[in-house]
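The UniProt record's numbering applies: residue 1 is where the sequence shown begins, and numbers increase by one.
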Amino acid sequence: MTDTEKRKNGLTYAEAGVDIDAGNRMVDMIKPLVRATARPGADAEIGGFGGLFDLKAAGFKDPVLVAANDGVGTKIKIAIETGKHDTIGIDLVAMCVNDLVVQGAEPLFFLDYFATGKLSPEAAAQVVKGIALGCKEAGCALIGGETAEMPGLYADGDYDLAGFSVGAAERGTLLPRGDLKVGDVVLGLASSGVHSNGYSLVRKIVELSGLAWDAPAPFKPEVSLGEALLEPTRIYVKSLIAAHRATGTIKALAHITGGGFVDNIPRVLPEGFGVEVDLSAVPVPPVFGWLAKVGGLEQSEMVRTFNCGIGMVAVTTAADADHLIATLQASGETVVRLGQVTEAAAEPRVTFTGALSL
């Protein structure tokens, strides 16, 4: 009897491309990283069928829960092609928790979904290392996740990420407040770079440039192009939650993600209102000037695709603006006055003066 005949009905899951032992090794590798994210309400132990969180232990009395989920998009391709996997998890957390804080909610816990064609425990552990760092920065516990090895759906070495986070706010403190008025001040909090949006265009521009990922970044020559473009998304949670609770002056917040100023700011404005943004006030990081030049991008394309240097927008009264700016600056944020709330009976609800310094 041939080996093929002996094994005719004896295939294993591993021979089909799924290595359960590799998955178990990965879990053992990440347990210390996960435990480091423990906070009041969660012990951050993994291995069960579900994660637990105790709202009472976290200090909430009459909470409203707020949930968000997101991914990182094609920025992951840069992590895969450069072999640098330790920061993309920070982006994953940031994209979720920044969406929670704009509603006045404190992120409480986070779960991740990691899907790949062939699991590399070492690479996956580096991804989770970034997720754990992001969770610590946001003050939320990593209470669970899922690793899926799916040969035939993903190529070997490829992976994708999804994140899920839940936050809470005491009833009556949710944002936006709904009392915006013409003349309210629009503030901008500086971004750390491209964050996690527009990377399909970024990758196209890199292709046009002819540069390799390990070439010095033209806009930051002390690091490689790949490393510069993997700069993690800034997490604004602690500074904004502290300012919201301490001052009570924030009327609305908008996370500037895909769609830029044009699509994201109107999401928190009541009907009949718009904003006027002074683009000359935006602190534009050099990466955006390089992208615009190499890609031949018009300013209108820049403000609809990228954050251009502003990752978060806050709205407050003219009387409270200086106090809020000082509070946020004391928490480490770079804050600029972007413009003001206006009347806007029709589109466009976001209008611009000045020009980006590209």
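Backbone N, C-alpha and C fix where the C-beta goes; we use that ideal spot for every residue, glycine too.
Every value quoted in this text rests on a predicted model; they were computed, and no experiment measured them.
Item: Rounded to whole angstroms, what's the CA-CA distance from Ala128 to Leu92? Just pull it up for me.; Value: It should be pointed out that residue 128 corresponds to Val in this sequence rather than to Ala. Each residue's alpha carbon lies about 10 Å from the other.
Item: Quick one: does Tyr159 have its CB under 8 Å from some CB of chain C?; Value: In summary, chain C is missing from the structure at hand, where a single protein chain is found.
Item: With H, G and I counted as helix, E and B as strand and the rest as coil, what does DSSP make of Arg234?; Value: coil
Item: I want to know whether the stretch 147-159 touches the stretch 217-226 - three or more CB-CB distances under 8 Å.; Value: no
Item: Would you mind reading off the limits of the alpha helix (DSSP H) that contains Glu81?; Value: Lys75 to Thr82
Item: Go ahead and label Lys204 buried or exposed: buried means 16 or more other beta carbons lie within 10 angstroms of its beta carbon, across all protein chains shown.; Value: exposed
Item: Given Val268, which residues of its chain have a CB within under 6 Å of its CB, disregarding the five upstream and five downstream residues?; Value: Pro176, Ala252 and Ala254
Item: Taking the beta strand (DSSP E) that Arg337 falls in, what are its first and last residues?; Value: Val335 to Glu343
Item: So, helix, strand or coil for Asn69, using DSSP?; Value: strand
Item: Where does Glu227 fall in DSSP's three states?; Value: helix
Item: Assuming Ser192 and Glu231 form a contact by the criterion Cβ under 8 Å, report the distance between their Cβ atoms to the nearest whole angstrom.; Value: 6 Å
Item: Output yes or no for whether 8 Å exceeds the beta carbon distance between Leu174 and Gly104.; Value: yes
Item: Can you name, in chain order, every residue of its own chain whose Cβ lies under 8 Å from the Cβ of Gly354, other than the five neighbours on each side?; Value: Asp278, Leu279, Ser280 and Ala281
Item: In this structure, what does DSSP give as the bridge partners for His255?; Value: Met312
Item: Between Arg39 and the rest of its own chain, which residues show a CB-CB distance below 6 Å, the 5 nearest in sequence each way excluded?; Value: Ala141
Item: Going straight from the alpha carbon of Leu133 to that of Ala67, what length do you get?; Value: 20 Å
Item: Classify Val182 as buried or exposed, calling it buried when 16 or more other Cβ atoms lie within 10 Å of its own Cβ.; Value: exposed
Item: Taking only the alpha-carbon atoms, compute the straight-line gap between Val315 and Gly23 and give it to the nearest angstrom.; Value: 46 Å
Item: Flag this pair as yes or no: are the beta carbons of Gly130 and Asp86 separated by less than 8 Å?; Value: yes
Item: Closest by CA to Lys56, which one among Gly258, Gly41, Glu271 and Ala79?; Value: Gly41
Item: Counting C-beta neighbours from all protein chains within 10 Å, is the total for Ile20 16 or more, i.e. buried, or is it exposed?; Value: exposed
Item: Residue range of the alpha helix (DSSP H) that Val277 falls in?; Value: Where Val277 is concerned, there is no enclosing alpha helix (DSSP H), although the beta strand (DSSP E) it sits in stretches over Phe273 to Asp278.
Item: In terms of alpha-carbon separation, which member of Leu291, Thr317 and Leu324 lies closest to Gly309?; Value: Leu291
Item: Buried or exposed: Ser300, going by 16 or more other Cβ atoms within 10 Å of its Cβ?; Value: exposed
Item: Give me the residue from Val350, Ala319, Val313 and Asn98 with the minimum Cα distance to Arg234.; Value: Asn98
Item: Among Ser331, Leu358 and Gly332, which residue has its Cα nearest to the Cα of Phe306?; Value: Leu358
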